[in-house]
Amino acid sequence: MAKARNVNRPLSPHLQVWKWGPHMLVSILHRATGTGMATVGVFVFLWWLGAIAAGETHYAKFMDLLTVESGAPNIAGYILGIGLTLSFFQHMMSGIRHFWMDAGAAFELKANKRFAVLTMVVAVLLTAALWGYISYERLKAAPAVSAPIAVETK
Amino acid sequence: MGNGTHIGRVRGLGAAHEGTHHWVTQRLTAGSNLLLMLWLIVSLVRLPELSYGVVQAWLSSPWAAVPMILLVISVFNHFRLGLQVVIEDYQHDETRIVLMTLLNYFTVAAGTFAIFSILKIAFTVVTPGAPA
Chain Y
65 MAKARNVNRP LSPHLQVWKW GPHMLVSILH RATGTGMATV GVFVFLWWLG AIAAGETHYA
125 KFMDLLTVES GAPNIAGYIL GIGLTLSFFQ HMMSGIRHFW MDAGAAFELK ANKRFAVLTM
185 VVAVLLTAAL WGYISYERLK AAPAVSAPIA VETK
Chain D
50 MGNGTHIGRV RGLGAAHEGT HHWVTQRLTA GSNLLLMLWL IVSLVRLPEL SYGVVQAWLS
110 SPWAAVPMIL LVISVFNHFR LGLQVVIEDY QHDETRIVLM TLLNYFTVAA GTFAIFSILK
170 IAFTVVTPGA PA
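Residue numbers (the numbering used here), protein chains in the order written: chain Y, 65 to 218; chain D, 50 to 181.
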């Protein structure tokens, strides 16, 4: 099918000839975040469920890969956690924008652009709020003895 | 074709001969994903900690296991439809058939594994302190 194209005929204009706007970025982000969650996200999700089902030792191994001893995420945990939640919120917000546009609304240039920018702003804010809350809860719950200053020994 | 009413002749058809089924299912699952994923995130964040005991006890309750199974059904259907469009857009030769087949096998296998895991968690009695 791909080789059926007559090379003497012009191609229709593609990505690189258009002036970039937020609507293009949001459209591509929707696809990229969706594909990312369907692959990486589903992989982590299945591993997590499988580990719980396999029992305590397997679950401990899974958690050990993503967290430090105190239960806080390690670097891999933060990259996956923040990456997947940001992807989710972006996909969610551009998905809600799709619902809006399915109803025939927000096709005017200005409104369309404004809602496209808004999906990204809200996605970042929701991700920051979620991880801020998680960190706050952990700080609040942390016992005083786990403070690094208390483990100093002479 | 040719018999029946006007609406009967176009319903469920269109260029791909399947009409709006893909489009509608994608939206339908998007709506249920929205509710179920927000439920999952809020539930996980509200757990006191993500230790085995806490997560296992949470997921063995029907109030968590049932929405979790619904989430798997909804999200996995949604991503199958989404990845199908991605494949259709970028793959034009035989690889399209291969990838489409793999996508369908993967979705069903992964979904079955996920639901089996949830059921196993829900139906396994864990005695605290006993080796798992």
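Heads up, the beta-carbon is just placed ideally off N, CA and C, and yes, glycines get one too. Just so it is clear, the structure is predicted and the values come from calculations on it, not from any experiment.
Starting from the Cα of residue i, find the closest Cα among the options and give me that residue.
| i | options | result |
| --- | --- | --- |
| M117/D | L93/D, P97/D and I136/D | L93/D |
| S158/Y | H87/Y, L75/Y, W82/Y and V81/Y | H87/Y |
| Q154/Y | E133/Y, F179/Y, T131/Y and S134/Y | F179/Y |
| A79/D | S91/Y, G98/Y and Y142/Y | G98/Y |
| I164/D | V106/Y, P74/Y and W82/Y | V106/Y |
| G141/Y | G168/Y, I160/Y, V104/Y and A175/Y | V104/Y |
| L85/D | I122/D, V135/D and F155/D | I122/D |
| R95/Y | V135/D, V124/D and N126/D | V135/D |
| L83/D | W84/Y, A136/Y and R161/Y | R161/Y |
| K177/Y | P137/Y, W84/Y and E120/Y | W84/Y |
| L99/D | A136/Y, G100/Y, L182/Y and L93/Y | A136/Y |
| S81/D | T173/D, V124/D and I167/D | V124/D |
| T176/D | G119/Y, L130/Y, K174/Y and I143/Y | G119/Y |
| I170/D | A102/Y, A115/Y, N72/Y and R69/Y | A115/Y |
| A183/D | R95/D, T144/D and T54/D | For chain D, the structure presents residues 50 to 181; residue 183/D sits outside this window and is missing. |
| V90/Y | L182/Y, G168/Y and P74/Y | L182/Y |
| H71/D | S109/D, H127/D, W107/D and P111/D | H127/D |
Which residues in chain Y have a C-beta closer than 9 Å to the C-beta of residue i? List them in chain order.
| i | result |
| --- | --- |
| I122/D | Under the 9 Å cutoff, chain Y gives no residues; its nearest Cβ is about 13 Å from I122/D. |
| M149/D | None at all; the shortest Cβ gap to chain Y is about 14 Å. |
| L132/D | G98, T99, A102 and T103 |
| V73/D | Chain Y residues near V73/D: none, gap ~11 Å exceeds 9 Å. |
Consult DSSP for residue i and reduce its assignment to one of helix, strand or coil.
| i | result |
| --- | --- |
| H78/Y | coil |
| P97/D | coil |
| T131/Y | strand |
| M157/Y | helix |
What in chain D is Cβ-close to residue i, meaning under 8 Å?
| i | result |
| --- | --- |
| A124/Y | Y101 |
| G85/Y | Ordered by position in chain D, no residue passes the 8 Å Cβ test against G85/Y, which lies about 20 Å from the chain. |
How would you list, in chain order, the residues of chain D whose beta-carbon sits under 9 Å from the beta-carbon of residue i?
| i | result |
| --- | --- |
| M127/Y | L99, S100 and Y101 |
| Y197/Y | V94 |
| V71/Y | What V71/Y touches in chain D: nothing, since even the nearest Cβ is about 15 Å away. |
| V186/Y | Those within 9 Å of V186/Y in chain D number zero; the least Cβ separation is about 14 Å. |
| L194/Y | I90 and V94 |
| V81/Y | Chain D residues near V81/Y: none, gap ~19 Å exceeds 9 Å. |
| G135/Y | E98, L99 and S100 |
Check the Cβ of residue i against every Cβ in chain D and list those closer than 7 Å, keeping chain order.
| i | result |
| --- | --- |
| R95/Y | V135 |
| F152/Y | M86 |
| A117/Y | S166, K169 and I170 |
| L148/Y | Within 7 Å Cβ-Cβ: nothing; L148/Y doesn't reach chain D, min ~10 Å. |
| G168/Y | In chain order: nothing, as chain D lies at least about 14 Å away. |
So which residues on chain Y does residue i lean against when the C-beta distance must stay under 8 Å?
| i | result |
| --- | --- |
| A163/D | F109, L110 and L113 |
| L83/D | M156, G159 and I160 |
| L108/D | I116 |
At a threshold of 8 Å, does residue i count as lining the ligand NAP (C-beta to nearest heavy atom)?
| i | result |
| --- | --- |
| H55/D | Although the ligand NAP was asked about, the structure shown includes no ligands whatsoever. |
Along chain B, in chain order, which residues have C-beta atoms closer than 7 Å to that of residue i?
| i | result |
| --- | --- |
| G141/Y | The chain labelled as chain B is not found among the protein chains of the depicted structure, namely Y and D. |
Using a Cβ cut-off of 7 Å, pull out every chain Y residue sitting near residue i, in sequence order please.
| i | result |
| --- | --- |
| V104/D | I116 |
| A79/D | G159 |
| A159/D | V106 and L110 |
Per the contact definition of three or more C-beta pairs closer than 8 Å, is the segment 188-197 of chain Y in contact with the segment 139-152 of chain Y? yes
Touch test, the segment 122-137 of chain D against the segment 72-82 of chain D, Cβ-Cβ under 8 Å, three pairs minimum: yes
If we count Cβ pairs, one from each stretch, closer than 8 Å, do we get three or more for the segment 153-161 of chain D versus the segment 88-104 of chain D? In this structure the segment 153-161 of chain D does not touch the segment 88-104 of chain D; the number of beta carbon pairs closer than 8 Å is below three.
Unbroken beta strand (DSSP E) runs of length 3 or more, entirely within the segment 84-136 of chain D: which are they? None, since the segment 84-136 of chain D contains no complete beta strand (DSSP E) of that length.
Contact between the segment 149-156 of chain D and the segment 102-109 of chain D: three or more CB pairs below 8 Å? no
Counting Cβ pairs, one atom from each stretch, are 3 or more of them under 8 Å apart for the segment 101-115 of chain Y and the segment 123-135 of chain Y? Verdict: yes, contact present.
Of all the alpha helix (DSSP H) runs that stay within the bounds of the segment 152-200 of chain Y, which reach a length of 4 or more residues? none
4-residue-minimum alpha helix (DSSP H) runs that sit fully inside the segment 86-119 of chain Y, ordered along the chain: 86-100 and 106-118
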